[in-house]
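Worksheet: the structure to be examined is printed underneath.
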Amino acid sequence: MGSTVKSSENPSSTSGRAVLDEAGGTAPRVLVVEDEPGIAGFVRRGLLFEGFAVEVATEGRAALTAVRDNPPDLVVMDIMLPGIDGMEITRRVRAAEAAERRPPIPILMLTARDAVPDRVGGLEAGADDYLVKPFAFDELLARIRALLRRSRATVDAAATPTNVLRFDDLALDLGGRTVSRGERTVQLTTREFELLTFFLRNPNQVLPRQLVMARIWGEDFYGDSNVLEVFVGNLRRALEAAGEPRLIQTVRGVGYVLRVVS
Ligand code: CA
Numbered sequence: 093m094g095s096t097v098k099s100s101e102n103p104s105s106t107s108g109r110a111v112l113d114e115a116g117g118t119a120p121r122v123l124v125v126e127d128e129p130g131i132a133g134f135v136r137r138g139l140l141f142e143g144f145a146v147e148v149a150t151e152g153r154a155a156l157t158a159v160r161d162n163p164p165d166l167v168v169m170d171i172m173l174p175g176i177d178g179m180e181i182t183r184r185v186r187a188a189e190a191a192e193r194r195p196p197i198p199i200l201m202l203t204a205r206d207a208v209p210d211r212v213g214g215l216e217a218g219a220d221d222y223l224v225k226p227f228a229f230d231e232l233l234a235r236i237r238a239l240l241r242r243s244r245a246t247v248d249a250a251a252t253p254t255n256v257l258r259f260d261d262l263a264l265d266l267g268g269r270t271v272s273r274g275e276r277t278v279q280l281t282t283r284e285f286e287l288l289t290f291f292l293r294n295p296n297q298v299l300p301r302q303l304v305m306a307r308i309w310g311e312d313f314y315g316d317s318n319v320l321e322v323f324v325g326n327l328r329r330a331l332e333a334a335g336e337p338r339l340i341q342t343v344r345g346v347g348y349v350l351r352v353v354s
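93 is the number of the first residue of the sequence shown in this note's numbering; add one for each residue after it.
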């Protein structure tokens, strides 16, 4: 068996079980799916040093088993893997989450080339963000922390009283982190949920693409318009899966608007 999942480790732990961080919470658990020992080791050591609990899966089956049996707080997913590749793993993870109505785990995809098809494919498969190899560890760490902050914010929101944003037959519950159109439940990834929240907070207003990009992804993604198109495309597919009318309209040359078109 070439496949391995290294058990959870942390420098401040000898038990190998859940580790407490300085704030008294549980250390975030990261699953690194990477077959190249050099990169897996580099990422694992760096994250352990930063106080994360880390597991490494070197191929797809081990990764899917790890996500199912012991869901991590975040996955770092390489695309090029022996057997099932990172995009297919991501698709299967998202499908399982949707089927079991579990909140999506943030997935940061590693792409070997700065190739647009790879990046777009990864995001279409359900990844939340991507990083091009070779990358600096600090950049990886910044992306991981940003994704964890976002997903934790949605968990924190779940502890507050119900706060539902509505537009037409669309309802987004910030507390329960659920979205529905009419009676139908809509499953969204963390970023899609944020994007829809932003639209719902600014209904009937034309939102320039640069503004949306900056609000959802930060200044890093300025000018990289493909990413926004992919996410809006995914969001529309999810919102229109049962043939519902389009609510997120394209304003050509400007951006998007949440509007009922009769
Ligand atoms: Ca690889």
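In this text, a Cβ means the ideal position worked out from N, Cα and C, and glycines have one as well.
- Contact between residue 179 and residue 152 is absent: CB atoms are separated by about 10 Å, not below the 8 Å threshold.
- Remark: the shortest separation between the CB of residue 172 and any heavy atom of ligand 1 falls under 7 Å.
- Here the C-alpha atom of residue 299 lies approximately 19 Å from the C-alpha atom of residue 331.
- In this structure, the straight-line span from the alpha carbon of residue 308 to that of residue 176 is close to 30 Å.
- For the 8 Å CB-CB criterion, residue 283 and residue 323 form a contact.
- With at least 16 other beta carbons inside 10 angstroms of its own, residue 279 counts as buried.
- Within the same chain, Cβ atoms closer than 7 Å to the Cβ of residue 297 are found at 349, the five residues on either side in sequence being excluded.
- For residue 352, there is no enclosing alpha helix (DSSP H), as DSSP marks it with neither H nor E.
- In this structure, the alpha-carbon of residue 270 lies about 6 Å from that of residue 264.
- Around the Cβ of residue 241, a 10 Å sphere holds fewer than 16 other Cβ atoms; the residue is exposed.
- Here the C-alpha atom of residue 154 lies approximately 24 Å from the C-alpha atom of residue 237.
- For residue 147, the uninterrupted beta strand (DSSP E) run begins and ends at 145-149, by DSSP.
- In this model, residue 148 and residue 353 are separated by some 48 Å (Cα to Cα).
- Under the DSSP definition of a beta bridge, residue 340 partners with 350.
- Rounded to whole angstroms, the gap between the alpha carbons of residue 342 and residue 287 is 14 Å.
- Counting along the chain, residue 169 sits inside the beta strand (DSSP E) bounded by residues 166-170.
- At a cut-off of 7 Å, the beta-carbon of residue 127 counts as near ligand 1: some heavy atom of the ligand is closer than that.
- Burial check for residue 191: the Cβ neighbour count within 10 Å stays below 16, so the residue is exposed.
- Comparing alpha-carbon positions, the option among 182, 172 and 334 lying closest to residue 158 turns out to be 182.
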